[in-house]
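In our numbering, the protein residues as written are 63 to 220. Structure record follows, encoded as structure tokens.
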């Protein structure tokens, strides 16, 4: 019986939604060392430079920074090491085919605990061009302005 219930988010990759168009997301388990789990439970992690890849039928997560545990001793882990992802064989096959198409990459979106187990949400993503990024920002700004105008109009009508 796990001590914790529900989902506890440790880290989000907000920049990924700006840099990439997200196609589909998958939840994967992580193979971690003891001090990495303790550091994650304290809420320390950085996903911004991270990426995932498939190698010989196995999935790996690279460049994700989990800082060393502050109370750790000689058993402490390396902050940026390659970590194995736990996925079903069929999911790994789908991801490998999609990334082999070209233009697609695997990006970590969120690092979290579900019922006491560390999970990472990885996304199949396609890089946005500079034009697409500007277009997305413009749409978001237009939506905000429209909502603001509707709010002021509704207040005047009362």
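Glycine is no exception: its CB is placed at the ideal position from the N, C-alpha and C atoms.
Boundaries around residue 78 are those of the alpha helix (DSSP H), 76-81, since no beta strand (DSSP E) includes it.
For residue 97, the enclosing alpha helix (DSSP H) starts and ends at 96-103. Restricting attention to 154, 175, 115 and 166, the CA atom closest to the CA of residue 101 is found in 175. Put simply, of 132, 193 and 119 the residue whose alpha carbon is nearest the alpha carbon of residue 99 is 132. In this structure, residue 172 lies near residue 74, with their beta-carbon atoms less than 8 Å apart.
The beta carbon of residue 105 is closer than 7 Å to those of 72 in its chain, skipping five residues each way along the sequence.
By the neighbour-count criterion, in which a residue is buried when 16 or more other Cβ atoms sit within 10 angstroms of its Cβ, residue 119 is exposed.
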